[in-house]
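Asks: Protein chains in written order, with the numbering used here: chain A, 644 to 772; chain B, 644 to 772.
Where is the CB? At the ideal position from N, CA and C, for every residue including glycine.
Note that the coordinates shown come from a computational prediction; the quantities given were computed from them, not determined experimentally.
Quick one: this structure, given as structure tokens, is what I'll be asking you about.
Number of protein chains: 2
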Amino acid sequence: MWIGELANATGTTTKTLRFYESEGLMPIPPRTSSGYRDYPSDTVQRIDFIKRGQAAGLTLAQIGEILHIRDGGNTPCAHVQSLLSGRLKELDDQIADLLILRETVGSLHSASLRAEPAACAPNQVCQYI
Amino acid sequence: MWIGELANATGTTTKTLRFYESEGLMPIPPRTSSGYRDYPSDTVQRIDFIKRGQAAGLTLAQIGEILHIRDGGNTPCAHVQSLLSGRLKELDDQIADLLILRETVGSLHSASLRAEPAACAPNQVCQYI
DNA sequence: CTCAACGTTCCAGTAGGGTGGAAGGTCAAG
DNA sequence: CTTGACCTTCCACCCTACTGGAACGTTGAG
Chain A
644 MWIGELANAT GTTTKTLRFY ESEGLMPIPP RTSSGYRDYP SDTVQRIDFI KRGQAAGLTL
704 AQIGEILHIR DGGNTPCAHV QSLLSGRLKE LDDQIADLLI LRETVGSLHS ASLRAEPAAC
764 APNQVCQYI
Chain B
644 MWIGELANAT GTTTKTLRFY ESEGLMPIPP RTSSGYRDYP SDTVQRIDFI KRGQAAGLTL
704 AQIGEILHIR DGGNTPCAHV QSLLSGRLKE LDDQIADLLI LRETVGSLHS ASLRAEPAAC
764 APNQVCQYI
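See the structure below:
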């Protein structure tokens with residue numbers, strides 16, 4: 644299958660697929676005599692995997708690591724475990740940070756709703772931030 | 644005060660202050676005869692405001708809007724209110740998205756802890772993603 | 001044969017908030 | 001007068017995941 648067909652089958656674009664290749668996420672496909680990329684049909688699974696990895700918040704670089712382990716004939720289970728637990732920690736940290744920030748911004752916002760422009764101190768930019 | 648002193652007083656760097664100037668967040672300071680930026684001492688308050696705005700998750704562009712309103716002699720209260728309520732909504736959405744993602748990644752991670760590499764299906768990359 | 005719809009490469013740009021470095025001028029202490 | 005710590009400008013680069021466009025070759029239907 645050519646690149647456009649693969650893009651259609653996976654809901655991406657030819658641009659993106661060439662980008663993935665340049666980033667080392669795609670195995671180098673054979674080319675037709677005229678130079679067109681000619682993908683085996685199971686490439687669809689690989690792209691779907693990349694999309695699921697992204698949906699789990701992994702970066703393309705991390706997804707690439709898993710792919711490389713698999714391409715090397717090994718099982719990436721251990722690496723996947725460690726990536727997922729790292730991701731989990733990041734998410735927990737990020738959520739905790741955002742909850743604190745939400746509190747802060749919430750208070751500022753409440754205060755700003757009671758704002759009286761006339762009470763604006765002339766020597767500062769804004770008393771609510 | 645020169646740029647290095649201002650940087651020290653506010654916990655930033657001279658690089659950053661020049662960057663803020665290029666982004667239009669700083670009023671253009673007078674220069675000494677040799678071309679050095681010579682800031683009035685109340686510039687410290689302005690930098691502190693920028694840092695508080697960043698801590699509230701506002702972008703430099705948004706902080707710049709507030710600063711411009713203030714520089715124009717007006718009270719930015721109404722704008723600050725709308726920025727903060729927008730930010731609050733973004734935070735709520737972001738937190739909700741992250742909580743869903745955390746669920747997903749948590750399940751994947753739990754499943755991966757029970758991984759048996761031998762059970763790895765040969766036609767897919769990893770069954771846990 | 002023509003024409004649209006494909007494909008190819010390569011280069012540049014996006015957002016956001018800076019950072020690094022080169023090449024050069026200035027200030028103040030010793 | 002020298003030295004080191006300042007200051008100046010300008011240009012490029014970091015990160016991530018693409019996207020746009022130019023310039024050109026290929027395929028397949030009418």
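1. Starting from Glu648(A), trace the alpha helix (DSSP H) in both directions and tell me its first and last residue.
2. Check whether the Cβ of Arg757(A) sits closer than 7 angstroms to any heavy atom of the ligand GDP, and report yes or no.
3. For Gln705(A) and Gln737(A), what's the separation of their Cα atoms in angstroms?
4. Taking all protein chains shown into account, do 16 or more other C-beta atoms lie within 10 angstroms of the C-beta of Tyr663(B), making it buried, or fewer, making it exposed?
5. Might you give, ordered along the chain, the residues of its own chain that have their beta carbon closer than 7 angstroms to the beta carbon of Leu672(A), omitting 5 neighbours on each side?
6. Around the C-beta of Pro719(A), are 16 or more other C-beta atoms found within 10 angstroms, so that it is buried, or is it exposed?
7. Determine the direct distance from the alpha carbon of Gln697(A) to that of His711(B), and round the result to whole angstroms.
8. Quick one, which of Val687(A), Ser755(A) and Glu759(A) has its alpha-carbon nearest Ile772(A)'s?
9. Check whether chain B comes within 8 angstroms of Arg713(A), counting only Cβ atoms and requiring the distance to be less than that.
10. Would you call the CB atoms of Ile693(B) and Leu668(B) closer than 8 angstroms?
11. How many Å lie between Leu744(B) and Gly700(A) at the Cα?
12. Taking just the CA atoms, how far does Glu648(B) sit from Arg730(B)?
13. Can you look up Arg674(B) in the DSSP assignment and give me helix, strand or coil?
14. Please look up how many angstroms separate the CB atoms of Gln688(B) and Gln688(A), rounded, as I've assumed it's under 8 angstroms.
15. If you reduce the DSSP assignment to three classes, tell me which class Arg713(B) lands in.
16. List the residues of chain B whose Cβ lies closer than 9 angstroms to the Cβ of Thr618(A), in chain order.
17. Let me make sure I understand the geometry here. Which of Glu708(B), Thr653(B) and Leu703(B) has the alpha-carbon closest to that of Ser684(B)?
Replies: Taking the coordinates as given:
1. Per DSSP, the unbroken alpha helix (DSSP H) holding Glu648(A) starts and ends at Ile646 to Thr653.
2. The ligand GDP is not part of the structure shown, which contains no ligands of any sort.
3. In a straight line, the C-alpha of Gln705(A) is about 19 angstroms away from that of Gln737(A).
4. Around the C-beta of Tyr663(B), 16 or more other C-beta atoms lie within 10 Å, and the residue is accordingly described as buried.
5. Per the sequence shown, residue 672(A) should be read as Pro rather than Leu. So the qualifying residues of the chain are Arg680, Asp681 and Tyr682.
6. Label assigned to Pro719(A): buried.
7. Distance between the alpha carbons of His711(B) and Gln697(A): 39 angstroms.
8. Among Val687(A), Ser755(A) and Glu759(A), the Cα nearest to that of Ile772(A) belongs to Ser755(A).
9. Yes, Arg713(A) lies at the interface with chain B (some Cβ there is under 8 angstroms from its Cβ).
10. The answer is yes: Cβ separation under 8 angstroms.
11. Leu744(B) and Gly700(A) have their C-alpha atoms roughly 8 angstroms apart.
12. Glu648(B) has its alpha-carbon roughly 33 angstroms from the corresponding atom of Arg730(B).
13. DSSP places Arg674(B) in strand when its eight states are reduced to three.
14. Between the beta-carbon of Gln688(B) and that of Gln688(A) there is about 58 angstroms, and that puts the pair past the 8 angstroms contact cut.
15. Reduced to three states, the DSSP call for Arg713(B) is helix.
16. There is simply no residue 618(A) to check, as chain A begins at 644 and stops at 772 in what is shown.
17. It is Thr653(B).
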